Every structure is written in C-alpha cells, then in structure tokens.
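Peer 1:
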Amino acid sequence: AQSVTQLGSHVSVSEGALVLLRCNYSSSVPPYLFWYVQYPNQGLQLLLKYTSAATLVKGINGFEAEFKKSETSFHLTKPSAHMSDAAEYFCAVSGRRAGNMLTFGGGTRLMVKP
Amino acid sequence: DTGVSQNPRHKITKRGQNVTFRCDPISEHNRLYWYRQTLGQGPEFLTYFQNEAQLEKSRLLSDRFSAERPKGSFSTLEIQRTEQGDSAMYLCARQDGASTDTQYFGPGTRLTVL
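Quick note, the sequences are listed as chains A and B, same order. In terms of our numbering, the numbers along the first sequence are unbroken and rise by one, the last being 116. In terms of our numbering, the numbers along the second sequence are unbroken and rise by one, the last being 111.
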C-alpha cells in the first residue's frame, strides 16, 4: 500500500521568500514521486518527477525537490516565491507496479503575499 | 496543452439522473486513467485502461459507475442514478509509454448533483 502526507494544508509566504512544501510518502516498493500544480478550475500540471535517477530533481518554474530515502521525504522548494506561484500543489507516489496509478496527498495551498 | 481534452467542462444534474463524460487523449493505444477529486482533496484513482482493456478498478467505482474505451482511443465515464456524493471534479490522464512516463491530465469535468 502507498500513501502520501503533505504537512500543512495552507502555506503563506511573502513574495521573494523561500517556498518549502513538505511531502512524506509510504511505499512498500521503491517509489516514483511527483509534484503537480493545480490552478483554479484547471487540471494538474507536472512540476517535476523522481524516477530513481538523481535524487535532486529540478522542475519547471524554478522548483526543485530532493528525494531522501532515509526520511521518506520529497519536499518541494523554490528559492524565491513569485505571485504567479499561488496555487494548489499535490505530491503523488506511484509504486512501479502494473498500472502505475498515482496516490496523491491532500494538497497544499500556497499563498504568496506582496 | 497536455494533449487531453475533456467534455463537458461543467455538468449540473439532478439527483437520480444519468451523466456521461468524455475524455479524448491526443494519442491512441496507450494508458488512460480516470481520477475523482472532491473539494479540498487530492485526486483519487478510479480506473485505468491499457489500450481498450480496462485493467483495474478502484473500490471507489461503485456499480453505478461504468467506463469504456472502445478501440483504444477516447474514453467515456458514465454515472447512473447520480447521488449528491458524486459531486466532484472528474479528471482524465494519459500515459504514453514506459512506466516512468508522466501522466498528463486534462482540465477535468466538474459535476454538481443537486
């Protein structure tokens, strides 16, 4: 069984400040890990993914995430927040088994203050 | 553009009515997934197809739900005798090849059951 926990359903940062969105996972097999972003009334857009290559993964829009097996974490960071980063962010895990269906966390809403 | 279109984008129906949603991925003969997202939650897996074969269904997919993918191209999701608890965003995603490939999501169909 797989599960994802996102700590903090709401995170608020000032424009230009560091963004840190936390994700911890549970998986019985080596996981694939993903971060998606969702803007209001839209589908999900992939930010980045970890599929067992480099543990530090760089994505779009200046985001990156580090896979830490010992901590079962895959936290998302961005050095400097922009107003356009305000959205809902979802961490997801796929268990490399037939089907590859994604198990999502509950999401974190990022608010960026001017 | 994620290469996945969904129609309709919004559907309002009365309890007890049947509804059908359609998903059109840009490419054929690959994997296609359906997820459901309720307000304030992450998406939850419903079912997936490999080409035209429906290979797995979540226990969330009650007998009132049926999905098809004739000829391995577009897919439909039908809900019979809708209930207020069916109100959600229904998301479709495509995956083109290897298990490490990204799932690309459509914009979703928002269902409101009155």
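Glycine included, every Cβ here is placed at the ideal spot set by N, Cα and C. Quick caveat: nothing in here was measured; it's all calculated off a predicted structure.
Got a sec, what are the start and stop residues for the beta strand (DSSP E) K8/B sits in?
Peer 2: One-based indexing of the second sequence puts residue 8/B at position 11. Segment 7 to 10, the beta strand (DSSP E) holding K8/B.
Peer 1: Counting contacts by CB-CB distance shorter than 9 Å, is E25/B in contact with chain A?
Peer 2: Here the question's residue 25/B lines up with position 28 in the second sequence. With 9 Å as the cut-off, E25/B does not count as an interface residue toward chain A.
Peer 1: Measure the beta-carbon distance from V16/B to G103/B and round it to whole angstroms, keeping in mind my assumption that it falls under 8 Å.
Peer 2: For this step, residue 16/B is matched to residue 19 along the second sequence. For this step, residue 103/B is matched to residue 106 along the second sequence. Not a contact, Cβ separation roughly 17 Å.
Peer 1: Indicate whether H84/A and L22/A have their beta-carbon atoms separated by less than 9 Å.
Peer 2: One-based indexing of the first sequence puts residue 84/A at position 82. One-based indexing of the first sequence puts residue 22/A at position 20. No, they are not a contact pair.
Peer 1: Can you list the residues of chain A that P104/B reaches, using a CB-CB cut of under 9 Å?
Peer 2: Your numbering for residue 104/B matches position 107 in the second sequence. In chain order: N43, Q44, G45.
Peer 1: Taking DSSP's pairing of strands, which residues face H12/A in a bridge?
Peer 2: Walking along the first sequence from the start, residue 12/A turns up at place 10. Answer is R111/A, bridged to H12/A.
Peer 1: Step through the CB atoms of chain B and report whether any lies within less than 9 Å of the CB of F92/A.
Peer 2: In the first sequence, counting from the first residue as 1, residue 92/A sits at position 90. With 9 Å as the cut-off, F92/A counts as an interface residue toward chain B.
Peer 1: With DSSP as the reference, label N48/B as helix, strand or coil.
Peer 2: Taking the first residue of the second sequence as position 1, residue 48/B is located at position 51. Looking at N48/B - three-state DSSP - the assignment turns out to be coil, as it is neither helix nor strand.
Peer 1: Against chain B, does T79/A count as a neighbour if the rule is that its beta carbon must be under 9 Å from one of theirs?
Peer 2: The count along the first sequence starts at 1 and reaches residue 79/A at position 77. So no, T79/A is outside the interface.
Peer 1: Alpha carbon to alpha carbon, how far is D21/B from Q3/B?
Peer 2: For the purposes of this step, residue 21/B is identified with residue 24 of the second sequence, where counting begins at 1. For the purposes of this step, residue 3/B is identified with residue 6 of the second sequence, where counting begins at 1. Rounded to whole angstroms, D21/B to Q3/B spans 6 Å at the Cα level.
Peer 1: In chain order, what residues of the region 25 to 44 of chain B put their CB closer than 8 Å to some CB of chain A?
Peer 2: R28, Y30, Y32, G37, Q38, G39, P40, E41, F42
Peer 1: For V31/A, count neighbouring Cβ atoms within 10 angstroms of its own Cβ and tell me buried if that reaches 16, exposed if not.
Peer 2: To locate residue 31/A, count along the first sequence from 1; it is residue 29. Exposed, by the Cβ-count rule.
Peer 1: Candidates R24/A, I62/A, V13/A, S14/A: which alpha carbon is nearest G107/A's?
Peer 2: Within the first sequence, the letter at position 105 stands for residue 107/A. Ranking R24/A, I62/A, V13/A, S14/A by Cα distance to G107/A puts R24/A first.
Peer 1: Excluding the 5 residues preceding and the 5 following S54/A in the sequence, name in chain order all residues of the same chain whose CB lies nearer than 8 Å to its CB.
Peer 2: Within the first sequence, numbered from 1, the residue matching residue 54/A stands at position 52. Around S54/A: P32, Y34.
Peer 1: Are the CB atoms of L48/A and D87/A nearer to each other than 9 Å?
Peer 2: Numbered from 1 along the first sequence, position 46 holds the residue referred to as residue 48/A. Numbered from 1 along the first sequence, position 85 holds the residue referred to as residue 87/A. Against a cut-off of 9 Å, the Cβ pair of D87/A and L48/A comes out as no contact.
Peer 1: For the beta strand (DSSP E) that contains A3/A, what are its first and last residues?
Peer 2: Start at 1 with the first residue of the first sequence, and residue 3/A comes out as number 1. Counting along the chain, A3/A falls outside any beta strand (DSSP E), and DSSP gives it neither H nor E.
Peer 1: Which one or two residues does DSSP pair with I76/B in a beta bridge?
Peer 2: Numbered from its first residue, the second sequence carries residue 76/B at position 79. In the DSSP output, where bridge partners are listed per residue, I76/B has V16/B, F62/B.
Peer 1: What is the rounded straight-line gap between the Cα of Q51/B and the Cα of S16/A?
Peer 2: In the second sequence, the residue the question calls residue 51/B occupies position 54. In the first sequence, the residue the question calls residue 16/A occupies position 14. Rounded to whole angstroms, Q51/B to S16/A spans 46 Å at the Cα level.
Peer 1: Can you tell me the Cα-Cα spacing of K129/B and G64/A, whole angstroms?
Peer 2: Shown here, chain B extends from -2 to 111; a query on residue 129/B therefore has no answer.
Peer 1: So which residues on chain B does F106/A lean against when the C-beta distance must stay under 9 Å?
Peer 2: For the purposes of this step, residue 106/A is taken as residue 104 along the first sequence, with counting starting at 1. Near F106/A (Cβ distances below 9 Å), the residues of chain B are Y32, Q34, Q38, G39, P40, E41, F42.
Peer 1: Output needed in chain order: residues of the region 48 to 81 of chain A with a Cβ under 7 Å from some Cβ in chain B.
Peer 2: L48, K51, T53
Peer 1: The ligand GTP heavy atoms versus the CB of V1/B: any closer than 8 Å?
Peer 2: The ligand GTP is absent from the structure shown, which contains no ligand whatsoever.
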